[in-house]
Amino acid sequence: MLHIIYHPEYLNYSFGPGHPFWPQRAKIFLELIKRQKRFAYTLHTPAKAMRQDLELAHTREYLDRVMQLAKTRGALSIDTPVSEGILDAAYYCAGGTELASRLALEGKRVINLLGGLHHAGKNNASGFCIFNDHAIAIKKLQKQKKIKTAFVFDIDVHAGQGTQEIFYDDPTVFTLSIHQDPRTIYPGVGFPNETGDGKGKGFNRNIILAPGSGEAEFLQAVREGLSLHAKFNANFTVLVLGADTYKGDPLADIKLELESYQTLGRLFSKIKRMCVLCAGGYSKQVPEIWLAFLDGFLER
Ligand SMILES: [Zn+2]
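In UniProt numbering, the protein residues as written are 1 to 300.
Now the structure itself:
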């Protein structure tokens with residue numbers, strides 16, 4: 001049984017016409033699984049995240065700035081405008097990942113159809129990310145003493161530099177990001193020599209892939225990540241599932257096939273207490289990509 005987190009407000013995570021992020025992908029995915037009956041699932045509607053929870057990962061100054069910008073329809077960066085509609089959707093997204101993490105700790109297989117907004121840092125954001133939903137969820141579980149350690153396994157095509165920044169000096173959260181060489185793609189940081197700071201030294205890893213890399217290179221990097229994951233032995237894992245590693249993605253240059261995602265799903269199905277977050281992905285194939293991943297993830 002798969003547990004799917006979705007709120008109709010997710011569809012308002014929309015930055016306007018012509019912007020590459022298309023929130024309708026979640027709705028199309030739900031229509032697809034309803035029609036195809038490939039697996040059994042339950043839908044969960046999340047509540048909004050609380051301001052006090054957002055403060056676990058972001059500074060008050062940043063949050064105040066976001067609220068203010070939303071009122072005046074300003075922008076966090078050139079690619080990330082904010083409005084009250086987008087802000088509401090971001091609150092539900094963070095609430096969705098909190099719910100997903102609670103269900104994952106109960107041993108359920110769970111996916112949030114909007115999450116893994118890994119470009120949001122402590123005090124700034126860009127790259128279509130406003131709140132770092134998974135950093136908030138991890139910090140909340142730690143505060144509630146439900147977990148001590150967590151592992152962020154980020155396979156979006158872009159570096160998860162916001163998440164990296166939030167946990168950079170924290171040895172309790174291992175952050176791993178596998179992505180296209182940042183010299184060739186946004187956000188321009190996330191290199192192998194960025195390995196953490198202070199007590200967190202050694203608990204951040206970036207594995208980079210040359211543009212044009214395909215399934216073989218990508219799976220090799222994932223296997224390397226899985227051995228780091230096994231060694232760290234975290235209480236809880238977050239998978240930031242990017243669909244922007246697909247060969248047809250307009251924003252990136254990694255060449256995974258649709259079937260590659262089934263293989264990925266199979267590899268990640270072995271991890272217990274993990275929630276899957278649907279992050280980047282800008283081609284029209286995103287719903288099929290998620291479906292291919294779940295075919296592997298839910299096998300057996
Ligand atoms: Zn991405």
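Quick reminder that beta carbons are idealized off the backbone N, C-alpha and C, glycines included.
Spatial neighbours of residue i in its chain, beta-carbon cut-off 7 angstroms, leaving aside the 5 residues before and after
| i | result |
| --- | --- |
| E215 | L256, E257, S260 |
| E299 | R266, S269 |
| A159 | S177, H179, P182, P187, V189, G190, N206 |
| E9 | D88, A89, Y92 |
| S83 | A70, R73 |
| S283 | Y246, G248, D249, P250 |
Beta strand (DSSP E) segment containing residue i, residue limits
| i | result |
| --- | --- |
| Y41 | 41-44 |
| R38 | Counting along the chain, R38 falls outside any beta strand (DSSP E), and DSSP gives it neither H nor E. |
| D154 | 150-154 |
| I178 | 173-180 |
Three-state secondary structure assigned by DSSP to residue i
| i | result |
| --- | --- |
| A75 | strand |
| C93 | helix |
| Y246 | strand |
| F15 | coil |
| D88 | helix |
| H158 | coil |
| A100 | helix |
| I225 | At residue 225 the sequence reads Gly, which differs from the Ile that was named. DSSP places G225 in helix when its eight states are reduced to three. |
| S260 | helix |
| V189 | coil |
| G281 | coil |
| E106 | coil |
| residue 387 | Within the shown structure, residues of the chain are numbered from 1 to 300, placing residue 387 beyond reach of any answer. |
| R183 | coil |
| R300 | coil |
| K34 | helix |
| A26 | helix |
| F128 | coil |
| G196 | coil |
| G121 | coil |
| D64 | helix |
| K201 | coil |
| K270 | coil |
Own chain partners of residue i with C-beta closer than 6 angstroms, once the 5 adjacent residues on each side are dropped
| i | result |
| --- | --- |
| N112 | I5, G96, T97, A100, L277 |
| A57 | N132, A135, I136, K139, I166 |
| I271 | T237 |
| R25 | V286, P287 |
| V110 | H3, A100, L103, A104, C275 |
Sheet register partners of residue i (DSSP bridge)
| i | result |
| --- | --- |
| G115 | Paired residues: none, contrary to the question. |
| G214 | K255 |
| I5 | H44, N112 |
| L239 | F153, V276 |
| N206 | S177 |
| P81 | A75 |
Terminal residues of the alpha helix (DSSP H) in which residue i lies
| i | result |
| --- | --- |
| Q164 | 161-166 |
| L294 | 286-297 |
| K143 | 133-143 |
| D53 | 51-54 |
8 angstroms CB neighbourhood of residue i in its chain, flanking five on each side removed
| i | result |
| --- | --- |
| P81 | F15, G16, R73, G74, A75 |
| K148 | Q142, T172, N235 |
| Q262 | A292, F293, D295, G296 |
| N123 | H58, T59, E61, Y62 |
| Y13 | F21, P23, I86, A89, A90, C93, L114 |
Near ligand 2: residue i beta-carbon under 7 angstroms from a heavy atom
| i | result |
| --- | --- |
| V157 | By its list of ligands, the structure shown excludes ligand 2, since it contains just ligand 1. |
Determine contact between the segment 195-204 and the segment 165-179, defined as no fewer than three beta-carbon pairs at a distance below 8 angstroms. yes
Taking three-plus beta-carbon pairs below 8 angstroms as touching, is the segment 232-246 in contact with the segment 147-162? yes
Tell me whether the segment 103-118 and the segment 273-289 touch, counting them as touching only if at least three CB pairs, one residue from each stretch, are closer than 8 angstroms. yes
Specify whether the segment 225-237 and the segment 54-72 touch according to this definition: at least 3 beta carbon pairs, one from each stretch, less than 8 angstroms apart. no
Touch test, the segment 285-293 against the segment 27-47, Cβ-Cβ under 8 angstroms, three pairs minimum: yes
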